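Participant: Quick note on numbering: the UniProt record's numbering labels position 184 of the sequence shown as 184, and the sequence is numbered without any gaps.
Got a structure for you, questions after.
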Amino acid sequence: MDIANVNFESGWKIIKEEAIEKIENYLENEQIEHNKHLFSATEYTRLYTVVYNMCARKNPFCYSKEVYRKYGESLSVYTVEKIKPLLRNKEELMKAKILIDAWFKYSFYTTWMNKFLRYLDRYYVEYNSSLCLSAYTKNIFKITLFNDLREVIRNIVYQIYDNLRKDEKEEEKKLFCDLVHLYKELDEDSNEKMYEHDIEKKILENVENYYKTEGDNWLANLTFDEYIISIESSIQKEFEKNKTLNLIEETCEKVTNIVVRILIYEKLEQLLSNKNNIFDMLKSNNIRCLRRTYILFSYFPEAIEGLKKMIGDYVKTEGNNLKEKYIQMSRSICSNEKAADDMLCGSNVNSNIAQQKDEYALCGYIDELIKLHNHYDNVFKLAFFAISNKSIDHHFKECLKDYFESFVEHEDEYFSTVKLLVLYADNILKKRDEPEQLTSHQGNEGDTSNYSVNEKAHQMTYRTGEEHPEDTHKKDTIELKKQMTEIVEIFNYTSNKESFFEYYRIYLANRLINNIYISLSVEKKFIENLYFLCGSQYTSKLVGMIQDMINNNTTNNKFLDFVNSKYAHCENDLTLKNIQNFFTVKILNKGFWPTFEKTPMKLSDTFNKCIELFEEYYKMDNKNKKLEWIYELSEVILTCTFQNCVYYLYCNIVNAQIILLFNKHKFINYEIIKTELNIDLKTFTNNMYSCLHYFKIISSNDQLVDWNSSTFFINPNFSYPHNKVYIKKATALLSKEHEKIKEDRTMAIEAAIVRVMKAHKKLFYDQIFDYVKKSLSCFAPTNQIIEKKIDLLVEREYLQKEENSQLYIYIP
Numbered sequence: 001m002d003i004a005n006v007n008f009e010s011g012w013k014i015i016k017e018e019a020i021e022k023i024e025n026y027l028e029n030e031q032i033e034h035n036k037h038l039f040s041a042t043e044y045t046r047l048y049t050v051v052y053n054m055c056a057r058k059n060p061f062c063y064s065k066e067v068y069r070k071y072g073e074s075l076s077v078y079t080v081e082k083i084k085p086l087l088r089n090k091e092e093l094m095k096a097k098i099l100i101d102a103w104f105k106y107s108f109y110t111t112w113m114n115k116f117l118r119y120l121d122r123y124y125v126e127y128n129s130s131l132c133l134s135a136y137t138k139n140i141f142k143i144t145l146f147n148d149l150r151e152v153i154r155n156i157v158y159q160i161y162d163n164l165r166k167d168e169k170e171e172e173k174k175l176f177c178d179l180v181h182l183y184k185e186l187d188e189d190s191n192e193k194m195y196e197h198d199i200e201k202k203i204l205e206n207v208e209n210y211y212k213t214e215g216d217n218w219l220a221n222l223t224f225d226e227y228i229i230s231i232e233s234s235i236q237k238e239f240e241k242n243k244t245l246n247l248i249e250e251t252c253e254k255v256t257n258i259v260v261r262i263l264i265y266e267k268l269e270q271l272l273s274n275k276n277n278i279f280d281m282l283k284s285n286n287i288r289c290l291r292r293t294y295i296l297f298s299y300f301p302e303a304i305e306g307l308k309k310m311i312g313d314y315v316k317t318e319g320n321n322l323k324e325k326y327i328q329m330s331r332s333i334c335s336n337e338k339a340a341d342d343m344l345c346g347s348n349v350n351s352n353i354a355q356q357k358d359e360y361a362l363c364g365y366i367d368e369l370i371k372l373h374n375h376y377d378n379v380f381k382l383a384f385f386a387i388s389n390k391s392i393d394h395h396f397k398e399c400l401k402d403y404f405e406s407f408v409e410h411e412d413e414y415f416s417t418v419k420l421l422v423l424y425a426d427n428i429l430k431k432r433d434e435p436e437q438l439t440s441h442q443g444n445e446g447d448t449s450n451y452s453v454n455e456k457a458h459q460m461t462y463r464t465g466e467e468h469p470e471d472t473h474k475k476d477t478i479e480l481k482k483q484m485t486e487i488v489e490i491f492n493y494t495s496n497k498e499s500f501f502e503y504y505r506i507y508l509a510n511r512l513i514n515n516i517y518i519s520l521s522v523e524k525k526f527i528e529n530l531y532f533l534c535g536s537q538y539t540s541k542l543v544g545m546i547q548d549m550i551n552n553n554t555t556n557n558k559f560l561d562f563v564n565s566k567y568a569h570c571e572n573d574l575t576l577k578n579i580q581n582f583f584t585v586k587i588l589n590k591g592f593w594p595t596f597e598k599t600p601m602k603l604s605d606t607f608n609k610c611i612e613l614f615e616e617y618y619k620m621d622n623k624n625k626k627l628e629w630i631y632e633l634s635e636v637i638l639t640c641t642f643q644n645c646v647y648y649l650y651c652n653i654v655n656a657q658i659i660l661l662f663n664k665h666k667f668i669n670y671e672i673i674k675t676e677l678n679i680d681l682k683t684f685t686n687n688m689y690s691c692l693h694y695f696k697i698i699s700s701n702d703q704l705v706d707w708n709s710s711t712f713f714i715n716p717n718f719s720y721p722h723n724k725v726y727i728k729k730a731t732a733l734l735s736k737e738h739e740k741i742k743e744d745r746t747m748a749i750e751a752a753i754v755r756v757m758k759a760h761k762k763l764f765y766d767q768i769f770d771y772v773k774k775s776l777s778c779f780a781p782t783n784q785i786i787e788k789k790i791d792l793l794v795e796r797e798y799l800q801k802e803e804n805s806q807l808y809i810y811i812p
């Protein structure tokens, strides 16, 4: 037959006989190969050419519409006559299996026919807005066969999905996967969303029914930890099962959401009603379960808020207990100090040595606070990090700061967090001397005394920490910087920034002046951290102090060059040797350093020559600057021999000049001191108190010492465990400055209250707190302190409180 000018009837006859009947006959076999090459290349070409010749001509010889319609009729006849009869009187499960087999054959049928008729997709479908062949054939399958069985399939899906949870059978699993595949195929070229309405709906219904029952049982019989693990395990199992069943990603997510909603959200009140559920995990440091809890709770904002609140309550309770423990310890220490002071005949500034030790004992609060913060920071990083960016969830990052801010800071007359922070930092940054073994010293022949003070080694020395060689006990710089970072983190939770910097300036001055700092680079790094947090308005003075220490090295080198030049022809001059070996100076700019008290006194010629020589050098380049010497902050090393053992007494010039008088007088009293040195009784007492009572370098025959009249002498039986004896550091300076800060704070708070009341005339209690805190934002006093000051001003009749009211009135 000539296929070039074929008409519709003859052309369709060729298609029916050579293609459709051949395919249908093949599908009668029980074993069907989906990729079977049923047609040869010649046959395929002939059939395609027939279809092309029928559809590619102009009207009235174009038969595209008739071919398209006739193809649909053939498919309908096939499904109705060949497949539908197989479904009669069959059980639901068998119907589902027959349907899957029918779809397999139908797909084979349409795959070949669509290849022969593909020219319809290129021309007829595009220009007539008809369904493409793939959608057209699937639509026929749905209308003639599939739609009648949808209810059956829904029931089968529910049943098989439920069975697979209990006992996974390969046959049922394969059938389920085939059904899912069928729905996906039918939904490809359609907007009906049959998969969502049939498969997914039934799966979600099954999951909801199952876990509602299981959730009640678990909650009644399992611990919180076991309950959370069971939820996680169930989600994992459901997800893995759904993946093996070829369900789409959205269905897997919906299943997970339903499980979490039923087991977490709907049970949230019961889960959060017992705080011990979360508290026990925090106590036992159960990071894994905390992580599981966070992931499951993160599906719902209400759950996350409840979890945050419970964790916050626990952290706050633990922090407040820690703080209260040290507050009680502080009050106990203050009570003991007061009782001890009452027992003394006269208070002495050197009693602050014990006070300083007690304050450093309270630094355990900061140490435990840092450990607590590091612990919970680590817990939050491991348990509450966001999956997307591996950083702490911003909700928990903020609440960690809120938790610690709520209890870290405490300021009252017994306990100050910012002061303890400074003390803690000082304890870390302060250098500790290595105890030295006592050295025996044999006296010269004819020396019958068993003690002596060597005048040749009593020169004033100022050594900066950078000049000392590195010893084995110097802390690793990296570890130090880590500790400094931890201190800054705790400092960031305080609001009383100004008090911190005032205290820190005092202790930094103590370290720098007494050469007990570990490293200027570490000091600078810590100040740099504070600068990044608070700005230059707080750290400029600290930077200036460090710069002074650096400049002093240059100044002392230039001074030494000046002395060498001046005494170039007197190489054996004693003053030159003393300056070269022992004398250095620290120049402190008043604008940076705390205010120091000056002690007027008469210096010996040895000290005076060194000072006059430096002043001569300094005025050469600084004519408009005036030097003031702070003798109590100087450092002098006296070499002494007691019972054939050499000791080095580290003291200031005042101590040194008084002790050196024992080379001239066997016994001394205040009258001799006043005549020789021209110092007052208070200075004498302050500087020699530790020599008498603590170190026992000097003694007195009086049982009850009267500093004004008692006579003192060197204790010939003096002994000490180490060669180096530190008689006096700047403890007096620290004590005075602390009292000054407290006094300044008290006056500032009272003045702020008066200013606020004067401006507003009448205010309620809470309003006074708000206004005062705003006006004193630089150091933010606590409510307790403001409350005490308000009561004090009421007593002093600056304010008046109305009866049975919280209203306060300013009294002009």
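From the three backbone atoms N, C-alpha and C, an ideal C-beta is built for every residue, glycine too.
Since the structure is predicted, the reported quantities are computational estimates derived from the model, not experimental observations.
Express the C-alpha separation of T606 and S440 in angstroms, rounding to a whole number.
Facilitator: On the sequence shown, residue 440 is found 440 positions in, with the first residue counted as 1. On the sequence shown, residue 606 is found 606 positions in, with the first residue counted as 1. The predicted position of S440 is uncertain, since its pLDDT is 49 and thus under 50; a value taken from the coordinates is nonetheless stated next. Near 28 Å, if we compare the C-alpha coordinates of T606 and S440.
Participant: Could you check where the beta strand (DSSP E) with L638 kicks off and where it finishes?
Facilitator: The residue given as residue 638 occupies position 638 in the sequence shown. L638 -> beta strand (DSSP E) spans 636-642.
Participant: Give me the residue from V725, K590, D680, I672 with the minimum Cα distance to V636.
Facilitator: Along the sequence shown, one-based indexing puts residue 636 at 636. The residue with the shortest Cα to Cα distance from V636 is V725.
Participant: Give the single residue among Y106, A386, I630, E226 whose Cα lies nearest to the Cα of T599.
Facilitator: Here residue 599 corresponds to residue number 599 of the sequence shown, with the count starting at 1. Checked all of Y106, A386, I630, E226; the closest Cα to T599 is I630.
Participant: On a Cα-Cα basis, can you pick out the residue from M54, K789, M757 that is closest to I809?
Facilitator: Locating residue 809 in the sequence shown gives position 809, where the first residue counts as 1. Residue M757 is the option with its Cα nearest to I809.
Participant: Determine the closest residue to H722 out of T746, L661, M747, L649, with distance taken between C-alpha atoms.
Facilitator: Taking the sequence shown and counting its residues from 1, the one referred to as residue 722 is at position 722. Closest option to H722, Cα to Cα, is L649.
Participant: When DSSP labels each residue in this structure, what does I679 get in the three-state scheme?
Facilitator: Position 679 of the sequence shown, counted from the first residue, corresponds to residue 679. Of the three classes helix, strand and coil, the one that applies to I679 here is coil, per DSSP.
Participant: Buried or exposed, going by whether 16 or more other CB atoms sit within 10 Å of the CB of E37?
Facilitator: Position 37 of the sequence shown, counted from the start, is the residue given in the question as residue 37. Residue identity differs from the one stated: residue 37 is His in this sequence, not Glu. Burial call: exposed.
Participant: On the DSSP bridge assignment, give the partners of I714 in chain order.
Facilitator: Here residue 714 is taken as the residue at index 714 of the sequence shown, counted from 1. Answer is I698, bridged to I714.
Participant: With respect to the alpha helix (DSSP H) encompassing I785, which residues constitute its N-terminal and C-terminal limits?
Facilitator: Indexing the sequence shown from 1 puts residue 785 at position 785. 783-795 is the span of the alpha helix (DSSP H), which, as asked, contains I785.
Participant: Hey, how far is the Cα of Q703 from the Cα of C640?
Facilitator: The count along the sequence shown starts at 1 and reaches residue 703 at position 703. The count along the sequence shown starts at 1 and reaches residue 640 at position 640. The alpha-carbon atoms of Q703 and C640 are separated by roughly 26 Å.
Participant: Indicate the three-state DSSP secondary structure (helix, strand or coil) for Y720 in the structure shown.
Facilitator: If you number the sequence shown from 1, residue 720 lands on position 720. If DSSP states are grouped into helix, strand and coil, Y720 belongs with coil.
Participant: Identify whether F592 lies in helix, strand or coil by the three-state DSSP scheme.
Facilitator: Against the sequence shown, residue 592 aligns to sequence position 592. Coil.
Participant: I'd like to know whether the C-beta atoms of L299 and D367 end up nearer to each other than 8 Å.
Facilitator: For the purposes of this step, residue 299 is taken as the residue at position 299 of the sequence shown. For the purposes of this step, residue 367 is taken as the residue at position 367 of the sequence shown. For the record, residue 299 in the displayed sequence is Tyr; it is not Leu. Against a cut-off of 8 Å, the Cβ pair of D367 and Y299 comes out as no contact.
Participant: Within 10 angstroms of the Cβ of K541, are there 16 or more other Cβ atoms? Answer buried if so, exposed if not.
Facilitator: Here residue 541 refers to the residue found at position 541 when the sequence shown is read from its first residue. Buried, by the Cβ-count rule.
Participant: So, helix, strand or coil for K762, using DSSP?
Facilitator: Taking the sequence shown and counting its residues from 1, the one referred to as residue 762 is at position 762. Reduced to three states, the DSSP call for K762 is strand.
Participant: Which residue's Cα is closest to the Cα of N514: C651, Y531, K609?
Facilitator: On the sequence shown, residue 514 is found 514 positions in, with the first residue counted as 1. When each option's Cα is compared against that of N514, the closest is C651.
Participant: Just curious, the beta strand (DSSP E) that V125 is in, first and last residue?
Facilitator: For this step, residue 125 is matched to residue 125 along the sequence shown. From DSSP, V125 is part of no beta strand (DSSP E) but of the alpha helix (DSSP H) over 124-128.
Participant: Kindly list the residues whose CB is nearer than 8 Å to the CB of I786, restricted to its own chain and excluding five residues on each side of it in sequence; keep chain order.
Facilitator: Taking the first residue of the sequence shown as 1, we reach residue 786 at position 786. I749, I753, I768, F769, V772, K773.
Participant: Between E253 and I262, what straight-line distance do the alpha-carbon atoms span, to the nearest angstrom?
Facilitator: Here the question's residue 253 lines up with position 253 in the sequence shown. Here the question's residue 262 lines up with position 262 in the sequence shown. Whole-angstrom Cα-Cα distance: 14 Å.
Participant: Buried or exposed: R292, going by 16 or more other Cβ atoms within 10 Å of its Cβ?
Facilitator: Position 292 of the sequence shown, counted from the first residue, corresponds to residue 292. That one is buried.
Participant: Are there three or more Cβ pairs, one per stretch, closer than 8 Å when the stretch 118-132 is compared with the stretch 58-68?
Facilitator: The stretch 118-132, when compared against the stretch 58-68, does touch it at the 8 Å Cβ threshold.
Participant: Taking only the alpha-carbon atoms, compute the straight-line gap between N352 and N492 and give it to the nearest angstrom.
Facilitator: Position 352 of the sequence shown, counted from the start, is the residue given in the question as residue 352. Position 492 of the sequence shown, counted from the start, is the residue given in the question as residue 492. Residue confidence for N352 is low, a pLDDT of 42 falling below 50, so the modelled location carries little weight and cannot support an answer.
Participant: Check Y648 in the structure and name its three-state DSSP category.
Facilitator: For this step, residue 648 is matched to residue 648 along the sequence shown. In this structure, Y648 counts as strand in the three-state DSSP scheme.
Participant: Please say whether L47 and F116 have beta carbons closer to each other than 8 Å?
Facilitator: Against the sequence shown, residue 116 aligns to sequence position 116. Against the sequence shown, residue 47 aligns to sequence position 47. Cβ distance < 8 Å, so F116 and L47 count as in contact.
Participant: Using the Cβ count rule (16 or more neighbours within 10 Å means buried), how would you classify G443?
Facilitator: The residue you call residue 443 lines up with position 443 of the sequence shown. Here the model assigns G443 a pLDDT of 35, short of 50, so the residue's position is not dependable, and the following value carries that caveat. The residue in question, G443, is exposed, as its Cβ has fewer than 16 Cβ neighbours within 10 Å.
Participant: Identify the continuous beta strand (DSSP E) that holds Y810 and give its terminal residues.
Facilitator: Along the sequence shown, read from residue 1 onward, the residue named residue 810 stands at position 810. Taken as a continuous stretch (DSSP letters only), the beta strand (DSSP E) holding Y810 covers 807-810.
Participant: Which of the three DSSP states, helix, strand or coil, is assigned to V349?
Facilitator: For this step, residue 349 is matched to residue 349 along the sequence shown. Because V349 sits at a pLDDT of 40, beneath the cut-off of 50, its placement in the model cannot be relied upon, and the point is left open.
Participant: Alpha carbon to alpha carbon, what distance is there between F718 and F695?
Facilitator: For the purposes of this step, residue 695 is taken as residue 695 along the sequence shown, with counting starting at 1. For the purposes of this step, residue 718 is taken as residue 718 along the sequence shown, with counting starting at 1. The straight-line gap from Cα to Cα measures roughly 8 Å.
Participant: Express the C-alpha separation of M54 and V6 in angstroms, rounding to a whole number.
Facilitator: For the purposes of this step, residue 6 is taken as the residue at position 6 of the sequence shown. For the purposes of this step, residue 54 is taken as the residue at position 54 of the sequence shown. So the alpha carbons of these two residues sit roughly 7 Å apart.
Participant: If you measure between the beta carbons of I672 and H665, is that distance less than 8 Å?
Facilitator: The residue labelled residue 672 in the question sits at position 672 within the sequence shown. The residue labelled residue 665 in the question sits at position 665 within the sequence shown. It is a contact, given that the beta carbons lie within the stated cut-off.
Participant: Decide if K105 is buried, meaning its Cβ has at least 16 other Cβ atoms within 10 Å, or exposed.
Facilitator: Here residue 105 refers to the residue found at position 105 when the sequence shown is read from its first residue. Result: buried.
Participant: Let me know the secondary structure DSSP gives V51 once reduced to three states.
Facilitator: For the purposes of this step, residue 51 is taken as residue 51 along the sequence shown, with counting starting at 1. Of the three classes helix, strand and coil, the one that applies to V51 here is helix, per DSSP.
Participant: Please list, in chain order, all residues of the same chain as P812 whose beta carbon is under 7 Å from its beta carbon, the five residues on each side excluded.
Facilitator: The residue you call residue 812 lines up with position 812 of the sequence shown. None.
Participant: Quick one: give me the first and last residue of the alpha helix (DSSP H) that K283 is part of.
Facilitator: Here residue 283 refers to the residue found at position 283 of the sequence shown. Start and end: 276-283.
Participant: Label H34 either buried or exposed according to how many other C-beta atoms from any shown protein chain fall within 10 Å of its C-beta, with 16 as the threshold for buried.
Facilitator: Residue mapping note: residue 34 aligns to position 34 of the sequence shown, counting from 1. With fewer than 16 Cβ atoms within 10 Å of its Cβ, H34 is classed as exposed.
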